[in-house]
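Contents: one structure, followed by commentary.
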Amino acid sequence: METSRGIDPWFEFMKRVQQHPDEGHDGPFCLKGTNILDWTKSSDVALYFANDNRAGDGAVFVSDSTATGKTLQVVPVGSILDKMHQDGNAGKALGVPLMFHPEHQILNQRAKNQQAIYFAQMELRVDLEVIWREQEKWLEDETIVIKLVLPSGTETQVNEYLLRKEITAGFLFPMS
Numbered sequence: 131m132e133t134s135r136g137i138d139p140w141f142e143f144m145k146r147v148q149q150h151p152d153e154g155h156d157g158p159f160c161l162k163g164t165n166i167l168d169w170t171k172s173s174d175v176a177l178y179f180a181n182d183n184r185a186g187d188g189a190v191f192v193s194d195s196t197a198t199g200k201t202l203q204v205v206p207v208g209s210i211l212d213k214m215h216q217d218g219n220a221g222k223a224l225g226v227p228l229m230f231h232p233e234h235q236i237l238n239q240r241a242k243n244q245q246a247i248y249f250a251q252m253e254l255r256v257d258l259e260v261i262w263r264e265q266e267k268w269l270e271d272e273t274i275v276i277k278l279v280l281p282s283g284t285e286t287q288v289n290e291y292l293l294r295k296e297i298t299a300g301f302l303f304p305m306s
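Numbering (my numbering), first residue to last: 131 to 306.
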């Protein structure tokens, strides 16, 4: 599959785990998650996740991935995992967050509806926002991330907006 259609099987596996955390990933090789964070190209989808089950303030983070330099990965995920393992064992830093949005992917309706883009959090001991804020210090007139705060008390207003746009749990989490 990888060579004939240009599909990265490791990326597809990690995407499946990220999109379907409810599936039984138990047994001798239990996988509770990945270092991949799913983001979205849709401001409405981001608003849904920021507002979902919130009590108090919420937040939407907007990232300019072009400001971080070359982060879109074309290297297969398996090769990146091998390099992370090698560097980690050598005590080296694992690097900055990487963005994954392969041209060829297996259709996953959840990922499609959510307009998903994936960031690999390479250094798990540090918050992604902290990493980007540190990078911003070295950039001239560039902003990598903006945090938009949803004030407490706006939950109902945001829900009504999302319903008008038909951004619902049923749309974002189809059974397939």
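By construction, the Cβ of each residue, glycine as well, lies at the ideal position given by its N, Cα and C atoms.
For residue i: DSSP bridge partner residues
| i | result |
| --- | --- |
| F191 | K277 |
| Y169 | Per the sequence shown, the amino acid found at residue 169 is Trp instead of Tyr. Answer is I247. |
| M305 | M305 pairs with nothing; no bridge assigned. |
Buried versus exposed, by CB contacts within 10 Å (16 or more), residue i
| i | result |
| --- | --- |
| R294 | exposed |
| M305 | exposed |
| L177 | buried |
| S282 | exposed |
| R135 | exposed |
| L237 | exposed |
| L278 | exposed |
| G300 | exposed |
| T273 | exposed |
| T286 | exposed |
| T196 | exposed |
| A189 | exposed |
| D138 | buried |
| Q149 | buried |
| A241 | buried |
| V205 | exposed |
| D174 | exposed |
| E296 | exposed |
| M131 | Interpretation of M131 is limited by its pLDDT of 46, a score under 50 that renders its predicted location unreliable; the figure taken from the coordinates is listed afterwards. By the 10 Å Cβ count, M131 comes out exposed. |
Limits of the alpha helix (DSSP H) - the one that residue i falls within
| i | result |
| --- | --- |
| T286 | E285 to R294 |
| W140 | P139 to Q149 |
| W262 | L258 to E266 |
| I210 | V207 to N219 |
Supposed contact pair residue j and residue i - C-beta distance, whole angstroms, cut 8 Å
| i | j | result |
| --- | --- | --- |
| T170 | Q245 | 5 Å |
| N145 | Y248 | Note on identity: in this sequence residue 145 is Lys, with Asn being the wrong assignment. Indeed they touch by this definition, with Cβ atoms about 7 Å apart. |
| V207 | F303 | 24 Å between Cβ atoms; not a contact. |
| A180 | L280 | 6 Å |
| L261 | V192 | The sequence given here has Ile at residue 261, not Leu. I261 to V192, Cβ: 16 Å. No contact. |
| L167 | Q251 | 6 Å |
| Q239 | T198 | That pair is no contact at about 29 Å. |
Neighbour flag for residue i against chain B, beta carbons, 7 Å
| i | result |
| --- | --- |
| F191 | Given the protein chain composition of this structure (a single chain), no chain B is represented. |
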